[in-house]
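Heads up: the structure comes next, in structure tokens.
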Amino acid sequence: MGVNGNQEGQIRSPYPLPFHQLIESFRTLPGIGIKTATKLAFHLLKAPGEEVLRLSRLLSDLRESLVLCPQCQNMMDRDSGRESCAICSDPLRDPSTVVVVEDVQTLYAIERTGEFRGKYHVLLGRLSPLEGIGPDALRIRELLERTKTGEIHEMILATSPTV
Ligand SMILES: [Zn+2]
12 MGVNGNQEGQ
22 IRSPYPLPFH
32 QLIESFRTLP
42 GIGIKTATKL
52 AFHLLKAPGE
62 EVLRLSRLLS
72 DLRESLVLCP
82 QCQNMMDRDS
92 GRESCAICSD
102 PLRDPSTVVV
112 VEDVQTLYAI
122 ERTGEFRGKY
132 HVLLGRLSPL
142 EGIGPDALRI
152 RELLERTKTG
162 EIHEMILATS
172 PTV
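Last residue of the sequence shown: 174 in this note's numbering, with the numbers rising by one and none dropped.
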């Protein structure tokens with residue numbers, strides 16, 4: 012036990028435990044080192060209360076506020092009132108060309124290029140960490156269902172060799 016009553020390995024932290032834990036939590040995020048983590052923690056300490064509250068609500072509600080699009084398995088706003096995601100329900104997009112992607116991150120990477128005007132199918136249509144991937148986890152059945160409608164004329168695979 013350290014001076015603050017915290018666990019071994021945390022003894023050298025000069026900060027109070029909750030502040031130290033916040034820094035450590037930021038450090039688990041990709042691309043965030045100790046310096047940035049500390050900067051973020053101090054920023055939040057000084058930020059207006061409502062700003063901090065808004066951030067904490069967004070974080071805690073994130074997974075619940077998103078659902079999978081029943082057509083393409085992209086993520087979508089649970090409260091959008093739409094039956095499919097913004098891409099699937101866009102009448103200006105070409106439904107005959109479908110890009111098959113591994114995950115939603117790849118979908119949005121392609122979207123950012125602004126060059127593809129067709130639709131997508133997300134194989135790993137899930138928002139939780141990818142574990143125990145079997146045929147059910149890969150949304151292949153949904154993809155086959157989509158091909159049966161005859162609407163798809165071209166399918167482009169944008170997946171890694173393992174998937
Ligand atoms: Zn969709």
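Even for Gly, the Cβ is constructed at its ideal location relative to N, Cα and C.
No experiment lies behind these values; they were computed from the predicted model shown.
- Not one heavy atom of ligand 1 sits closer than 7 Å to the Cβ of Gln116.
- Residue range Glu165 to Ala169 is occupied by the beta strand (DSSP E) that includes Ile167.
- Its chain contains Ala169 as the residues whose beta carbon lies nearer than 7 Å to that of Thr117, once the 5 sequence neighbours on both sides are disregarded; these appear in chain order.
- The closest heavy atom of ligand 1 lies less than 7 Å from the beta carbon of Ser95.
- Closer than 7 Å to some heavy atom of ligand 1: that describes the Cβ of Ile98.
- Here the alpha carbons of Arg38 and Gly44 stand approximately 6 Å from one another.
- Taking the C-beta atoms as reference points, Leu77 is found no nearer than 8 Å to Val112.
- Counting only runs of 4+ residues, the alpha helix (DSSP H) found wholly inside the stretch 56-84 occupies 60-72, in chain order.
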